[in-house]
Amino acid sequence: MAHFDENAKPFSNQWLNDRLAIDTVKRVLSTEYWIPKNINFLWAMGMILAATFGLLVVSGIFLLMYYKPDVNLAFDSVNHTIMSEVGFGWLWRHIHGVAASVVFLIIYIHMLTGIYYSSYKRGRELIWISGMLLFVTFSAEAFSGYMLPWGQMSYWAGMVITNLFEGGSLHLTGLVEWIRGDYVPGDAYLTRFFMLHVFLLPLIIIGLIVFHFASLRLPHVNNQEGEEIDFEEAAKLYKEGKKKESKVIPFSPVFLSKDIFVMGVYFILFFFLVFYNFDFAMDPVNFDPADGLQTPPHIYPEWYFLWSYEILRPFPKNPGLIAFLIAQVIFFLLPFIDRSPNVAPAHKRGLFVIWFWVLVVDMIALTILGKLPPEGVFNTLGTVAAVIFLLMWPILFIITKLEKKL
Amino acid sequence: MREFKILAVVVFFTLVVYIGVEPFAHSQMHAHVEGHDFVYDGTADIEEANTRVENTKEALKKAQDELAKIQGIDDAPQEDIVKAQEAIKKQEGALVKAEETVKRKSLFWNNVASIAQLDANVSNGEASFGTCMACHNGAGINMGGVIPPSLDHVGSLYDRNYLIALLKDPAMASNVDHKYANTMMHPMGSVMAMVTSDQQIADIVEYMMQNKVGELEPKAAFEEACVRCHAVRYAKITQLGDTPEFKEEKDALAYKIKVLDEQALVKAYMGKLPPDLSMMIRARSPHYMETFVENPQTQLPGTSMPRVGLTKENYEKVKTYLEEVGDPSKPAREAIGPWVILFFVVFAVLAYLWKKSQWKDLH
Amino acid sequence: MSSRRDFMGMALGGFSALGGLAALYAMKRSWDPLPSVKAVGFTTVDLSGAQENVLSVEKWRGKPIFILKKSADMPSDDRDVIVGQDRYLVAIGLCTHLGCIPAYLPNDKIFHCACHGGEFDASGREIFGPPPSPLVIPPFKIDGTQLVLGEEGPEYIKMKEAGVTA
């Protein structure tokens, strides 16, 4: 038993310090958690993601209270009970649907920021890997949630995606049926994906978020120039009041104040989408109830899956699946494929900056082509974009190997 | 300045993605359909038939090219040549048919236009209208596939030209004549035997335009125009109309069986049970809905859904009702939206001022 | 820290709290009973077929409602619901002691509760045992020979003002 003050009033600062070390916690996690000063608004994406995840949890709780995971009731519980009977039920659903889509936009911006500023290597590998794990879990969360309204898009997305597990020529029909608990997506399938969506996956996400934050604490946040900062030295200057000379700021309240401003701007856009432009996140086709005997004329995944879907599509079945698998895991390996010793923004890294913008443009091209009908010129372009994507990785290995130390 | 440059880059790429996967992709997926502002003069039908002629001509040309190509090869197998010749023959037959359709449609709609010019006699029309009541009697009995709709407000619900066309030839007026090319008869086909002269048609329509009128609430307009085929389960509406309340489960089940029987008859006539319309207002875009109701063939070629001939005003009523059922939160959404956005604008301004005060001494 | 800095932080916090309150209101509304639940809060009972001294039990808002057409020998009471010429007992069929459903004994013309032996007369007044008060009269409206449970008609309001509904 450590020393503690017998006379401290219950729940006074001293009393809590003796028991929870709140001052130390506050210091370590916020007031003396030093963030470089030389940053831009892209450094706020993490907090925006946390806030959006919070919105998803809160709106999800209210949807959960009226949703019924049963193939006969699911569609009506969402579209009738929640959308027209529950007070503000429509608001929760619109927030949930739009947030589920927008969260991926922010994830992609967050990822590309990390790539641009080389924030994934030389001590920051685990930040990158835990972030990628979050991306994959979010994808599973988004997919399982997409099943729940049990509309035409839910049903057919479920059908097509679970069919991927057949493994092409491996013909793992048994595995597919095991995943579905049925020959086609049915009641057992809906209920288990409901469980995944509201319990297991959120639990994993929360654990991963904690891990993601933890992996950030020691290596610290990167900065706009990739400069290696002596945090102890800089912190000393800051605490002495030499704030202008110091290269760092405390997480709270200084860094946070900027985050919150960026968040405010983001929420203006977010709620504009919730109230006025929600179709992109809530596909009208999904307002037709699931019908296992009629496929909609056009089926396509949500926009954030399109780029990897388009890598699958142009190839024959087996190579397509392999390409798709590569696309799913290749980003995990980024810290190890990049052989350059430099932590610096892309524009200072020679060929890397070209590589970066080609990647951005190629992924956007894949995204758009993934939604277009696979006909004529779109088909050709899709194949080219997919091949470029696959070639990007050996090229990265070579150009970073050649990169000179700055 | 640098932050604005970065923001511009982020916004630019985000917009490219958005425009690519939303407006652009959708424009590529769905052919654009031009509306005709609920004017039923046959222009759309003749255009449609002409397009078919053009398409068939193209297909014929392709088949002919194919034959020429095969004949160009020295030792082309005889069976390929025969196949190509058969393909040409098939397209030639289709072309003749398509051209006939254009002629038939033009003739029909010209005829309708001339009937619209006739001087009508309302009292003669009233006398002839009696024949309509043989079927449109409100008894709720299915005749040839559907329960004949009420004619109480037929003069205000439907377009005058459409009604003339409907009495002249129901299948042509509804633009579903392709369905009745073989043996099947339009459920209202008997009208062609009962009302035979153009004058009689003009009289009846004039009678309806003057006497069978009335202002309808959105729900009533919807029920008269759509409910003989479509159910709306969120409003407890079936093909038999509003579902009554039953105290005993037995009575409720007996009623349900009556509904199922009626649905079976509608299904036998339409080929499949027409979809429930509860959520249709959100499942289709406003433009799709409008052009579909005006002329179903434009959006779903070959569909058995007939053109109903609603006037623009009454289409708006149907739309209003579908919105009440399928998107009842729209008024609340539109009322709350500006306030929430205003809240976050003020929030962002305050947050900016706070940030500025926090960062004041840093540079 | 300058005061202006604090002031802006507080202003932002206070303004966010306003938004939080609005969100709490929306959350509260989401817990309200649904319109479809409220709609079945009204039950219509047809009394034209009622027989004297035969208890009929209706279900209203998940609770049993006793409806008893009184015979001439039953004393009249200011709790009687008068429909046409007839007097009725209309009451929620839950014992006011601990909420069990009493049984009607037509020979004795009393209600007897099996749980703790409480008894009520044909007017629903407690006559024996632990029940502290008479059977509760639910809101009703007389509509011809029909009774609409859940709606407050003038007769019910009069009873309520006289303090005899519970």
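Protein chains in written order, with my numbering: chain A, -17 to 388; chain B, 3 to 365; chain C, 2 to 167.
Cβ coordinates follow ideal geometry from the N, Cα and C atoms, glycine included.
Source: prediction; values computed, not measured.
Cross-chain neighbours of residue i in chain B, by beta carbon under 7 Å
i, result
"A/LYS19", "LEU364"
"A/PRO131", "In chain order: nothing, as chain B lies at least about 10 Å away."
"A/HIS329", "Going along chain B, no residue has its Cβ under 7 Å from A/HIS329, so there is no contact; the nearest lies around 12 Å."
"A/ILE91", "VAL12"
Residue i at chain B interface by Cβ criterion, 8 Å
i, result
"C/LEU13", "yes"
"A/ASN61", "yes"
"C/MET9", "yes"
"A/TRP285", "yes"
"A/PRO(-8)", "no"
"C/ILE68", "no"
"A/MET374", "no"
"A/LYS221", "no"
"A/HIS179", "no"
Contacts that residue i makes with chain B (C-beta to C-beta distance below 8 Å)
i, result
"C/SER17", "PHE349"
"A/ASP52", "Ordered by position in chain B, no residue passes the 8 Å Cβ test against A/ASP52, which lies about 16 Å from the chain."
Residue-chain proximity (residue i, chain C), Cβ-Cβ < 8 Å
i, result
"A/PHE70", "yes"
"A/LEU303", "no"
"A/PRO232", "no"
Any C-beta of chain F under 8 Å from that of residue i
i, result
"C/GLY20", "Among the protein chains in the structure shown, which are A, B and C, there is no chain F."
Within chain B, partners of residue i - CB distance below 9 Å
i, result
"A/MET65", "MET281, ARG284, GLY328, ASP329, PRO330 and SER331"
"A/LYS226", "ASP363, LEU364 and HIS365"
Within-8 Å CB hit, residue i to chain A
i, result
"B/ALA353", "yes"
"C/ALA170", "Residue numbering for chain C in the displayed model covers 2 to 167; residue 170 of chain C lies beyond these limits and cannot be assessed."
"B/PHE14", "no"
"B/ARG309", "no"
"C/SER37", "yes"
"B/PHE342", "The sequence given here places Val at residue 342 of chain B; Phe does not occur at that position. Closer than 8 Å: yes."
Cut-off 7 Å between Cβ atoms - residues of its own chain near residue i, not counting five sequence neighbours on either side
i, result
"B/ALA233", "ILE239, THR240, GLN241 and ASP278"
"C/PHE16", "none"
"B/LEU275", "GLN265, VAL268 and LYS269"
"A/ASP320", "LYS103, LEU378 and THR382"
"A/TYR48", "SER59, THR63, ILE64, VAL68 and GLY71"
"A/PRO279", "none"
Contacts of residue i in chain C (Cβ-Cβ under 9 Å)
i, result
"B/PHE345", "PHE16, LEU19, GLY20 and ALA23"
Chain-ordered chain A contacts of residue i [CB-CB under 8 Å]
i, result
"C/SER31", "PHE44, MET47, VAL68, GLY69, PHE70, GLY71 and TRP74"
"B/ILE8", "ASN22, PHE23 and LEU24"
Residues of its chain near residue i, where Cβ-Cβ distance is below 8 Å and the 5 sequence neighbours each way are ignored
i, result
"B/GLY216", "ASP154, HIS155 and SER158"
"B/VAL310", "TYR160, SER176, ALA227, CYS228 and VAL295"
"B/TRP322", "Note that residue 322 of chain B is Thr in the sequence shown here, rather than Trp. Correct list, in chain order: PRO220."
"A/SER136", "TYR128, MET129, LEU130, ASN268 and ALA272"
"A/GLU292", "LEU348, THR349, LEU351, GLY352, GLY364, ALA367 and ALA368"
"B/GLN212", "VAL124 and GLY157"
Under 7 Å by beta carbon: chain C residues contacting residue i
i, result
"B/TRP356", "MET9, GLY10 and LEU13"
Contact test: residue i Cβ vs the ligand HEM heavy atom, cutoff 7 Å
i, result
"B/GLN73", "What this structure holds is no ligand at all, so the ligand HEM is not there to describe."
Partners in chain A for residue i, counting only beta-carbon separations shorter than 9 Å
i, result
"B/PHE294", "The premise fails here: B/PHE294 is roughly 13 Å from chain A at the closest Cβ pair, so nothing lies under 9 Å."
"B/GLU325", "Neighbours of B/GLU325 on chain A: none; closest Cβ ~11 Å, over 9 Å."
"B/GLY339", "PHE253, PHE254, VAL256, PHE257 and TYR258"
"C/ALA27", "PHE44, GLY69, PHE70, LEU73 and TRP74"
Proximal residues to residue i (C-beta, below 6 Å), its chain only, five neighbours per side dropped
i, result
"A/ARG104", "VAL325"
Chain-ordered chain A contacts of residue i [CB-CB under 7 Å]
i, result
"C/LEU90", "By Cβ distance, chain A contributes nothing, its closest Cβ being about 36 Å from C/LEU90, past 7 Å."
"B/VAL98", "Neighbours of B/VAL98 on chain A: none; closest Cβ ~31 Å, over 7 Å."
| request: Report the residues of the stretch 17 to 48 of chain B with a CB closer than 8 Å to any CB of chain A, ordered along the chain. | output: Those would be VAL18, VAL19, TYR20, GLY22, VAL23, GLU24, PHE26, ALA27, GLN30 and MET31, in chain order.
| said: Going residue by residue through the stretch 121 to 186 of chain B, where are the continuous alpha helix (DSSP H) segments of at least 4 residues, counting only ones entirely within it? | reply: The stretch 121 to 186 of chain B contains, as complete alpha helix (DSSP H) runs of 4+ residues, the segments 124 to 135, 156 to 159, 162 to 170 and 172 to 175 (chain order).
| said: So within the stretch 211 to 255 of chain B, which uninterrupted alpha helix (DSSP H) runs reach at least 4 residues, ignoring any that extend past its ends? | reply: Counting only runs of 4 or more residues that sit fully inside the stretch 211 to 255 of chain B, the alpha helix (DSSP H) segments are 220 to 228, in chain order.
| query | What residue ranges within the stretch 79 to 125 of chain B form continuous beta strand (DSSP E) runs of no fewer than 3 residues, ordered along the chain? | reply | Listed in chain order, there is nothing to give.
| task | Could you pull out every unbroken alpha helix (DSSP H) segment of at least 4 residues lying fully inside the stretch 8 to 64 of chain A, listed in chain order? | result | Taking only runs of at least 4 residues, the alpha helix (DSSP H) segments lying wholly in the stretch 8 to 64 of chain A are 27 to 46.
| alpha helix (DSSP H) runs wholly inside the stretch 83 to 131 of chain A, at least 4 long, in chain order | Taking only runs of at least 4 residues, the alpha helix (DSSP H) segments lying wholly in the stretch 83 to 131 of chain A are 107 to 129.
| message | Extract the residue ranges of the alpha helix (DSSP H) inside the stretch 119 to 201 of chain A, only unbroken runs of 4 or more that lie entirely within it. | response | Listed in chain order, they are 134 to 145, 155 to 162, 169 to 177 and 183 to 199.
| field | Interfacial residues, the stretch 343 to 372 of chain A to chain B, with Cβ spacing under 7 Å | value | Result list: ILE346, THR349, ILE350, LYS353, LEU354 and PRO355.
| query | Looking at chain A, which residues of the stretch 209 to 237 of chain B have a Cβ within less than 9 Å of any of its Cβ atoms? | reply | Going along the stretch 209 to 237 of chain B in chain order, one finds ARG235 and TYR236 with a Cβ nearer than 9 Å to chain A.
| Any residues in the stretch 232 to 251 of chain A with a beta carbon nearer than 7 Å to a beta carbon of chain B? Which ones, in chain order? | Answer set for the stretch 232 to 251 of chain A: PRO235, VAL236, SER239, LYS240, ILE242, PHE243, GLY246, VAL247, PHE249 and ILE250.
| request: Pull out every residue of the stretch 152 to 175 of chain B whose Cβ sits closer than 9 Å to any Cβ of chain A, in chain order. | output: Residues passing the 9 Å Cβ filter: none.
| query | the stretch 41 to 59 of chain C: which residues have C-beta closer than 7 Å to a C-beta of chain A, in chain order? | reply | Flagged: no residues at all.
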